[in-house]
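Step one of this worksheet: look at the structure below.
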Amino acid sequence: MKEKHYNDFGSWIKKKVGFKVQKISIDAGLSCPNRDGTKGTGGCIFCDNTTFSPAYCKGDKGIKAQMMDGINFFKRKYNDMRYLAYFQTFTNTHASLERLKQMYEEVLDIDNVVGIVIGTRPDCVPDDLLYYLEQLNKQTFMIIEYGIESTNNKTLEYINRGHSFECSRETIVRTKDRGIFVGGHVILGLPGESFDDNIKEAEILNGTRLDIIKLHQLQIVKGTRLSEEYSKKNFKLYDVDEYIELVASFIQHSRKDIIFDRFASQMPGEMIVAPKWGIKSHEFTDKLDCYLMKNNIFQGQLI
2 MKEKHYNDFG SWIKKKVGFK VQKISIDAGL SCPNRDGTKG TGGCIFCDNT TFSPAYCKGD
62 KGIKAQMMDG INFFKRKYND MRYLAYFQTF TNTHASLERL KQMYEEVLDI DNVVGIVIGT
122 RPDCVPDDLL YYLEQLNKQT FMIIEYGIES TNNKTLEYIN RGHSFECSRE TIVRTKDRGI
182 FVGGHVILGL PGESFDDNIK EAEILNGTRL DIIKLHQLQI VKGTRLSEEY SKKNFKLYDV
242 DEYIELVASF IQHSRKDIIF DRFASQMPGE MIVAPKWGIK SHEFTDKLDC YLMKNNIFQG
302 QLI
């Protein structure tokens with residue numbers, strides 16, 4: 002296998018835990034403070050969590066049952082695999098501390114589970130929770146992933162995110178100060194943001210203490226408020242080749258030590274209004290890798 006032109010998550014995590022690792026997505030049955038009235042209502046205008054939840058990840062099952070179903074699904078192919086419990090759906094720090102402790106510790110008792118990944122919002126991690134996670138991080142491998150989505154506050158307001166970029170920046174610092182690996186989600190191509198705006202985001206994120214970045218292309222999901230906006234305005238969406246150029250430039254402008262976990266998201270075709278690429282996430286990554294190699298593009302090249 003040819004060496005990647007960027008720091009890829011698969012290679013990094015294998016070095017950290019000593020095994021090939023698979024994330025198992027979990028729906029813990031929690032809500033979101035931007036939906037239940039704690040911070041706001043309606044949620045982000047692009048959001049439909051069912052678009053990225055695998056079949057075994059169902060909130061009406063217990064957490065341990067979901068984890069075992071996921072492990073059984075993957076171990077048929079990979080007997081030597083180890084697993085990360087990925088609390089993915091909605092906001093996985095939005096509950097009492099006692100409930101969160103029970104959730105996290107339950108999955109860590111399962112054989113071959115070597116750590117946890119907690120997906121949440123930067124405005125939903127109080128200090129008492131961070132103190133607990135700091136202690137837990139000393140016992141197991143841990144990543145906390147924050148939905149940053151954009152570094153532009155006008156965009157964040159437009160998508161009804163409910164927090165500012167300053168909140169994200171501050172929470173990344175608070176988490177890193179506890180010795181915990183920090184990941185961030187960013188959506189490229191949000192309405193009103195140009196190619197150059199997104200490259201500027203890479204430069205801004207370089208100034209944070211992020212360890213890991215997940216990139217998503219903007220997708221219009223049926224039934225969301227963004228789909229209503231799109232039907233009226235029909236704003237710019239990237240095709241595959243355009244998005245590859247954007248991601249390649251983002252990589253060139255990214256700090257050399259940042260880990261890239263993902264470059265594009267894959268949703269069920271029947272749920273997408275646009276863009277309909279018709280390729281899977283791993284196929285996109287293969288195309289991106291070929292583009293980077295062909296054009297001699299490397300991470301951090303233009304810093």
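Counting the sequence shown from 1 gives a position; this note's numbering is that position plus 1. By construction, the Cβ of each residue, glycine as well, lies at the ideal position given by its N, Cα and C atoms. Source: prediction; values computed, not measured.
- Nearest to LYS257 (by Cα), restricted to the options PHE142, ARG100, ASN207: Checking every option, the nearest Cα to that of LYS257 belongs to ASN207.
- Among all the DSSP beta bridges, which residues are the ones paired with ILE25? Looking at the DSSP assignment, ILE25 forms a beta bridge with ALA86.
- Query: First and last residue of the alpha helix (DSSP H) that includes ARG170?
  - Reply: Taken as a continuous stretch (DSSP letters only), the alpha helix (DSSP H) holding ARG170 covers 166-177.
- Where does ASP262 sit, in a helix, a strand or coil, going by DSSP? Looking at ASP262 - three-state DSSP - the assignment turns out to be strand.
- Taking the alpha-carbon positions, what's the VAL187 to SER266 distance? Rounded to whole angstroms, VAL187 to SER266 spans 11 Å at the Cα level.
- Task: Leaving aside the five residues before and after ASN138 along the sequence, list all residues of the same chain whose C-beta is less than 8 Å from its C-beta, in chain order.
- Result: Residues of the same chain with a CB within less than 8 Å of the CB of ASN138, apart from the 5 flanking positions on each side, are ARG179, GLY180, ILE181 in chain order.
- Tell me whether CYS58 sits in a helix, a strand or coil according to DSSP, three-state version. Note that CYS58 scores a pLDDT of 47, beneath 50, so its modelled location is shaky; the value from the coordinates is reported in the next line. It is coil, neither helix nor strand.
- LEU216 - partner residues in DSSP beta bridges: LEU216 is bridged to VAL187.
- For TYR105, which residues from the same chain have a beta carbon less than 7 Å from its beta carbon, with the 5 sequence-adjacent residues on both sides left out? Answer for TYR105: ILE117, LEU137, listed in chain order.
- Which listed residue (CYS48, ALA29, LEU191, ASN296) has its alpha carbon closest to that of THR225: When each option's Cα is compared against that of THR225, the closest is CYS48.
- Task: Have a look at ASN154 and ASN161 and give me their C-alpha separation to the nearest angstrom.
- Result: ASN154 and ASN161: Cα-Cα distance of roughly 10 Å.
- Given that a residue counts as buried once 16 or more other Cβ atoms are within 10 Å of its Cβ, and exposed if not, what is TYR57? Its pLDDT being 45, under 50, TYR57 is placed unreliably in this model, and the value from its coordinates should be taken loosely. With 16 or more Cβ atoms within 10 Å of its Cβ, TYR57 is classed as buried.
- Task: Name the two residues that bound the continuous beta strand (DSSP E) containing TYR79.
- Result: Bounds of any beta strand (DSSP E) do not take in TYR79, whose DSSP letter is neither H nor E.
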